[in-house]
Every structure is written in C-alpha cells, then in structure tokens.
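K.L.:
Residue numbers (my numbering): 20 to 638.
Glycine included, C-beta positions come from ideal geometry on N, C-alpha and C.
Since the structure is predicted, the reported quantities are computational estimates derived from the model, not experimental observations.
1. On the criterion of 16 or more Cβ atoms from any shown chain inside 10 Å, does residue 465 qualify as buried, or is it exposed?
2. So residue 307 and residue 232 are supposed to be a Cβ contact under 8 Å. How far apart are they, rounded?
3. Spell out the partners DSSP gives residue 498 in its beta bridges.
4. At which residue ranges does the segment 354-394 contain complete beta strand (DSSP E) runs of 3 or more residues, listed in the order of the chain?
5. Jot down the residue ranges of each uninterrupted alpha helix (DSSP H) in the segment 164-219, minimum 4 residues, whole runs only, in chain order.
6. Quick one: Cα of residue 196 to Cα of residue 213, how far?
7. If you count every other CB in all the chains shown that lies within 10 Å of the CB of residue 324, and 16 or more means buried, which is it?
8. Go ahead and pull the three-state DSSP assignment for residue 258.
9. The beta strand (DSSP E) spanning residue 455 covers which residue range?
10. Return the CA-CA distance between residue 405 and residue 108, expressed in angstroms with no decimal places.
11. Would you tell me roughly how many angstroms separate the C-alpha atoms of residue 511 and residue 391, rounded to the nearest one?
12. Are the segment 92-109 and the segment 479-488 in contact at 8 Å, needing three or more beta carbon pairs?
13. Please go through the same chain and pick out, in chain order, the residues whose beta-carbon is closer than 7 Å to the beta-carbon of residue 240, but skip the five residues on each side of it.
14. Label residue 635 either buried or exposed according to how many other C-beta atoms from any shown protein chain fall within 10 Å of its C-beta, with 16 as the threshold for buried.
15. Decide yes or no for the touch test of the segment 351-362 against the segment 410-427: beta carbon pairs closer than 8 Å, at least 3 of them.
16. Among residues of its own chain, excluding the 5 on either side of residue 266, which ones have a beta-carbon nearer than 7 Å to its beta-carbon?
17. My understanding is that residue 246 touches residue 165, with C-beta atoms under 8 Å, so please give their C-beta distance in whole angstroms.
18. Report the partner residues of residue 82 according to the DSSP bridge assignment.
19. For residue 157, collect the residues of the same chain with a Cβ closer than 8 Å to its Cβ; drop the 5 residues on either side in sequence, then sort them by chain order.
20. Give every residue of the same chain whose Cβ lies closer than 6 Å to the Cβ of residue 310, excluding the five residues on either side of it in the sequence, and list them in chain order.
21. Using 10 angstroms around the beta-carbon of residue 7, count the other beta-carbons present and answer buried if the total reaches 16, otherwise exposed.
22. For residue 630, name the three-state secondary structure that DSSP assigns.
23. Taking residue 457 as the reference, give the member of 262, 589, 183 and 345 with the closest Cα.
24. Kindly indicate which three-state DSSP category residue 295 falls into: helix, strand or coil?
25. Can you tell me whether residue 88 is buried or exposed, with buried defined as 16 or more other CB within 10 angstroms of its CB?
26. Measure from the alpha carbon of residue 347 to the alpha carbon of each residue in 249, 565 and 296, then state which is nearest.
27. Three-state secondary structure (DSSP) at residue 51?
28. Run the CB neighbour count on residue 547, radius 10 Å, all protein chains shown included, and call it buried at 16 or more, exposed below.
29. Determine the closest residue to residue 161 out of 130, 313, 115 and 582, with distance taken between C-alpha atoms.
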C-alpha cells in the first residue's frame with residue numbers, strides 16, 4: 020500500500036520537471052521513458068492521495084500559500100492531464116520528436132499541473148505564467164512560421180496573464196488571503212475558491228477569457244496550434260485551454276448568465292469557422308474553441324449539473340481532442356499534406372489511423388456509446404428548461420444545440436475528405452507502433468467511459484459534484500443521472516439525422532469556400548496599431564528631447580550673451596514699442612541701441628500684468 024504521506028510529498032510538477040531535465044541528458048529512449056513514467060506517477064498521486072492533503076508554506080513571511088492541494092477537482096485534473104500526458108510522450112517518441120522539444124513539452128506539462136493542483140491564487144498565477152512561457156517555447160522550437168505565430172501567442176498570453184495577476188493582487192487587497200475560499204463568502208458556492216466580487220472578478224474573467232478563447236480573444240488559437248511539430252500540437256491541445264477552463268470555474272463558482280451566453284457564442288462561432296477550414300489542424304483548433312464553449316456555458320449556468328458537466332466535458336476533451344490531433348498528425352506525418360481537400364481514400368492505406376480518428380470524432384460529436392455523449396448531454400440538460408435549465412437559458416440551449424450540429428458537420432467533412440472521398444493516389448504506411456499504442460489507448464478510454472450501464476458510472480465517479488449517479492438538482496434535492504434515457508437517445512438521433520442530411524446539402528458549396536476568421540484582422544491591425552503607437556511615442560519623446568536641449572542651450576547662450584539676447588528679443592517686438600537700430604560691425608563700430616517708444620503708462624501696465632501672472636503661478 021502506498022503511504023498517503025509519501026504521495027502528498029510527491030509534488031507532481033517537480034517530478035515532471037525533473038523528468039524534463041533528464042530527457043535532455045539521457046539517451047533518447049530512456050529520457051522519453053522517464054517522461055512517460057513521471058506523468059503516470061501523477062495519475063497515481065491524483066488517485067490515491069487523500070482528500071485535503073496539501074503542501075503549505077508562507078510567501079515572504081506575509082502570505083500563506085498552498086502550492087499542492089487535493090480535492091475532487093484537482094484529483095480529476097491530475098488524472099486527466101497525467102493520463103493524456105503519458106501517451107502524448109509515447110506518441111512524440113514514435114513521431115520522431117526531438118529530445119529538446121519533449122523536454123520543453125514536459126516542462127510545459129509540469130507548469131499546467133502546478134496550476135491545476137494549486138490551492139491558492141498566488142501559486143496558481145505563478146504556474147500560469149510559467150505555462151505561458153513554456154508553451155511559447157514549445158511553439159518556437161519548431162522554427163519557420165511557428166516563430167512569428169509564437170510571438171503573437173506570447174503577446175496574447177502575456178496580456179491575459181497580466182490581467183490575472185492584477186486580479187489576484189486586487190483579490191488579496193480586498194480579502195487579505197490568497198488561499199482558495201478564505202475571506203470570500205458565497206451563498207451557494209460549488210467549490211472552495213472564487214474571486215472577490217467587483218474589480219478582481221472582472222479582471223479574472225477577462226484574463227482567463229484570453230486563455231479559454233472567448234470570442235474576440237481567440238485569434239491566437241487557430242493562428243498557433245497548426246504551426247508547430249504535429250506532436251507538439253497534441254500537448255498544446257490538451258493543457259493550456261483545459262487548465263484555464265478549470266481555473267475559470269475556480270474563479271466564478273456561482274456562475275454568471277453573461278458568461279454562460281459567451282459559452283454559447285463560442286460553441287457556434289467555433290463550429291462555423293471550423294467548417295470553412297481546409298487546414299486539418301486549423302479545423303481542430305476552431306473546435307477547441309467550440310468545445311470550450313460548452314465548458315464555459317456549464318460554468319456560467321452555475322448549477323451543480325452545469326459545473327459537473329463542464330468538468331466532465333473538460334476531462335473528455337483532454338482525451339478525444341488530443342486523440343484527433345494524434346490521428347491528423349499521423350496523416351500529416353505520412354502524407355506531408357495539411358489540406359484535407361488534397362487527400363482522400365486513406366482508410367485503405369491507414370486503417371488504424373482511421374479507426375483512431377473515428378473514435379475521436381464519435382466522441383466529440385456525442386454519439387451514444389462514447390464519453391462525449393455523457394458530458395455534453397449534462398451541459399445541454401443544465402441549459403434545457405425541459406430538464407434542469409432555468410427559462411433564461413432556453414436561447415443558450417439552442418445555441419449549444421446548433422453548436423452540436425456544426426460539430427457533426429465538421430467531423431463528417433474532415434473524415435469524409437481525408438479517409439473516404441475518392442481513391443487514394445498515394446501509397447503510404449499506417450501509424451507506427453508507438454503512435455498506434457498511444458491513439459488506441461486514449462481512444463479506448465473514450466469508448467470505455469461512455470459505455471451504457473458499465474462505463475459511464477465509472478466516469479461519473481471521477482467527476483466532482485456527482486455522487487455515484489446522483490447530483491443535487493437546482494432546488495437542492497438529489498436527482499439521478501440518466502444519460503441513456505429514451506429522451507436523450509431521441510435527441511441524439513435527431514441530432515445525427517439533421518447533421519447527415521445537412522452535410523449532404525452543403526457538401527458541394529462548402530468545398531468551394533475558404534474563408535478566414537474575420538477576427539484575424541486583429542493580427543495586421545494589431546501590428547499597424549502597435550507600430551504607429553510606437554512611432555508616435557518615440558517621435559514625441561524625440562520632440563520633447565529636442566525642445567529640452569534647445570531650451571537649455573538657449574539659456575546657456577543668454578547667460579553668456581545677455582546684450583545680444585536682449586537685442587534679439589527686442590527685434591521680435593512691434594516697432595510701436597521699441598525701435599532697434601541696425602546692428603553695426605563689431606570692429607570699432609558702436610553696438611546697436613534700443614529706443615523705448617512705449618509710454619510710461621503702457622510700460623507700467625505691461626509690467627503689472629507680467630508680475631500678476633507670475634504671482635498667480637506662484638500661489
């Protein structure tokens with residue numbers, strides 16, 4: 020039996036970070052093995068460490084911190100991130116990823132785990148910033164177009180991280196503690212945490228909103244994730260956005276109606292632009308935003324089933340979204356092609372990859388029998404007034420339903436054009452052994468956790484806020500989870516039928532469309548705004564500098580040449596005040612003279628006005 024005290028002391032981020040260092044210096048296969056084992060150990064810690072276990076300390080002698088804390092939320096995050104990370108390392112090894120790339124990826128995973136396991140806002144924001152830095156390095160490592168995209172990625176996450184830091188600072192100033200739940204009172208909070216109301220809450224929502232790709236803040240996502248090594252995309256797809264969705268729940272445990280509707284907009288916006296993509300990884304990237312929309316909606320609704328559904332969808336998304344990036348990565352690896360319209364008929368050439376892809380596709384589209392059906396159904400139930408939703412969320416339910424139809428259409432399109440459309444004109448190998456093992460292991464979890472009567476109760480046991488197959492309803496009464504009820508199955512059948520007919524109708528027009536996200540104008544607009552503002556600031560500084568130097572130089576000259584200075588000043592006055600004779604040569608001639616023409620009264624008036632202004636300024 021593993022000692023619980025030992026598990027508590029095994030700080031997961033430190034274990035994974037040590038593995039990252041070893042991956043750099045050990046032989047390749049040994050370094051990758053150490054990395055995979057370190058992440059498998061995270062799963063063990065998350066599963067067996069007791070509730071309430073923590074590491075605590077004091078920051079600079081004035082603030083209590085808890086860098087490692089175990090509750091049902093951090094336990095679920097540890098299992099999800101550790102499990103996926105283990106197979107992502109195996110996949111990277113088989114995909115010829117370099118030792119340096121994997122070391123950076125492991126450091127990135129360590130920082131995400133640090134944010135997920137944190138029990139206070141200060142530790143969380145510290146790990147949040149490291150996560151932004153290491154994910155940027157993971158993008159940059161590939162070179163080429165990824166470098167410029169990485170700069171834009173770093174800028175976006177730098178802004179988001181700064182806002183979160185300001186939120187944490189304002190929160191501490193208001194409540195006097197960084198520890199989750201201390202100093203903040205809520206009427207019906209779902210979990211310990213919560214930002215203080217007012218400015219801290221607003222800053223936290225906007226800052227975290229950058230990382231979870233709120234509409235308008237999302238352009239870094241489809242811009243960045245298609246560009247690095249395809250194995251790096253697997254890591255990126257799983258950690259930043261999902262960790263951020265969990266932190267959003269920590270920050271807003273009671274929900275917010277505007278946040279819920281932002282989730283609905285994300286679901287629709289993401290699938291619309293996913294449908295318009297030719298690049299396979301760009302399509303998957305937009306679907307990250309769409310699936311995050313379901314999580315944000317569940318968090319915003321603020322009920323038990325909404326929050327539990329959001330966390331369940333987060334858990335499932337870590338699995339099937341990474342699985343889809345793995346399958347698409349193998350296609351890119353074998354064909355050296357990113358455009359889905361230039362592929363086709365690959366199911367005969369790559370049957371194992373096709374199976375892995377369709378497991379992920381059936382999971383993300385919430386087909387009964389797969390894990391996504393459980394979690395997406397919970398979020399839809401939380402919004403649907405026919406189940407547990409309040410009347411004000413009826414429009415949200417239809418937004419989420421439209422998002423679900425768009426998800427079906429997107430993955431029918433991707434699967435059809437890559438694996439079934441026409442005959443393949445290329446002879447390529449299927450996935451390598453390590454790639455296959457990673458894909459089928461993650462895909463197996465997607466299937467097992469969605470099985471009727473057998474698998475889904477195991478899945479709900481992992482979920483926070485759910486007791487077996489029961490949860491607390493909006494009125495505080497216990498309600499049963501019934502994902503495979505006849506009503507849910509009928510809804511799924513309607514969704515599948517609409518999507519199948521819809522794809523038949525839009526397939527040909529859709530193949531002729533290739534529209535970029537209108538919000539991508541943010542990139543050139545941001546560039547020109549930044550450039551013009553930089554030039555404006557530097558030119559203003561140069562003008563002030565020239566004026567200051569000219570003023571000081573003039574003062575020195577006046578001090579050295581008082582007569583000439585008076586003479587020069589007098590020449591600028593009107594002739595009716597003074598009469599200045601022409602200057603004569605200095606070689607023996609007399610200097611110019613000034614004849615005052617103003618009357619004594621005018622002179623006194625001018626002097627009085629000047630002295631009045633001087634006294635007024637002094638007082």
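P.N.:
So, from the data block:
1. By one-based count along the chain shown, residue 465 stands at place 446. Residue 465 comes out buried.
2. Along the chain shown, read from residue 1 onward, the residue named residue 307 stands at position 288. Along the chain shown, read from residue 1 onward, the residue named residue 232 stands at position 213. That belief holds up - the Cβ atoms of residue 307 and residue 232 are roughly 7 Å apart, short of 8 Å.
3. In the chain shown, counting from the first residue as 1, residue 498 sits at position 479. Residue 498 pairs with 490.
4. none
5. 164-194
6. Taking the chain shown and counting its residues from 1, one reaches residue 196 at position 177. Taking the chain shown and counting its residues from 1, one reaches residue 213 at position 194. Using only the alpha carbons, I get a separation of about 12 Å.
7. To locate residue 324, count along the chain shown from 1; it is residue 305. That one is buried.
8. If you number the chain shown from 1, residue 258 lands on position 239. Helix at residue 258.
9. Position 436 of the chain shown holds residue 455. Where residue 455 is concerned, there is no enclosing beta strand (DSSP E), although the alpha helix (DSSP H) it sits in stretches over 452-467.
10. As a position in the chain shown, residue 405 is number 386, starting the count at 1. As a position in the chain shown, residue 108 is number 89, starting the count at 1. Cα to Cα, residue 405 sits roughly 44 Å from residue 108.
11. Taking the first residue of the chain shown as 1, we reach residue 511 at position 492. Taking the first residue of the chain shown as 1, we reach residue 391 at position 372. Their backbone Cα atoms lie some 12 Å apart in a straight line.
12. yes
13. As a working mapping, residue 240 is identified with position 221 in the chain shown. 232, 304, 307 and 308, listed in sequence order.
14. As a position in the chain shown, residue 635 is number 616, starting the count at 1. Label assigned to residue 635: exposed.
15. no
16. Here residue 266 refers to the residue found at position 247 of the chain shown. Excluding sequence neighbours, residue 266 sits near 134, 143 and 227.
17. Walking along the chain shown from the start, residue 246 turns up at place 227. Walking along the chain shown from the start, residue 165 turns up at place 146. That belief holds up - the Cβ atoms of residue 246 and residue 165 are roughly 4 Å apart, short of 8 Å.
18. For the purposes of this step, residue 82 is taken as the residue at position 63 of the chain shown. BP columns for residue 82 point to 78.
19. Mapped onto the chain shown, residue 157 falls at position 138. Taken in chain order, the residues that qualify are 120, 123, 124, 127, 247, 251, 254 and 255.
20. Along the chain shown, read from residue 1 onward, the residue named residue 310 stands at position 291. Closer than 6 Å at the Cβ level, and outside the excluded window around residue 310, lie 336.
21. Outside the shown range of the chain, which is 20 to 638, sits residue 7, and nothing can be said about it.
22. Taking the chain shown and counting its residues from 1, one reaches residue 630 at position 611. Helix.
23. Within the chain shown, residue 457 is the residue found at index 438, counting from 1. Closest option to residue 457, Cα to Cα, is 345.
24. Locating residue 295 in the chain shown gives position 276, counting from the first residue. Residue 295: coil per DSSP, three-state reduction.
25. What you label residue 88 is simply residue 69 of the chain shown in a count that begins at 1. Residue 88 is buried by the Cβ-count criterion.
26. Your numbering for residue 347 matches position 328 in the chain shown. It is 249 whose Cα lies nearest to the Cα of residue 347.
27. As a working mapping, residue 51 is identified with position 32 in the chain shown. Residue 51 falls in the helix class under three-state DSSP.
28. What you label residue 547 is simply residue 528 of the chain shown in a count that begins at 1. When all chains shown are included, residue 547 counts as exposed.
29. Here residue 161 refers to the residue found at position 142 when the chain shown is read from its first residue. Considering only alpha carbons, the answer is 115.
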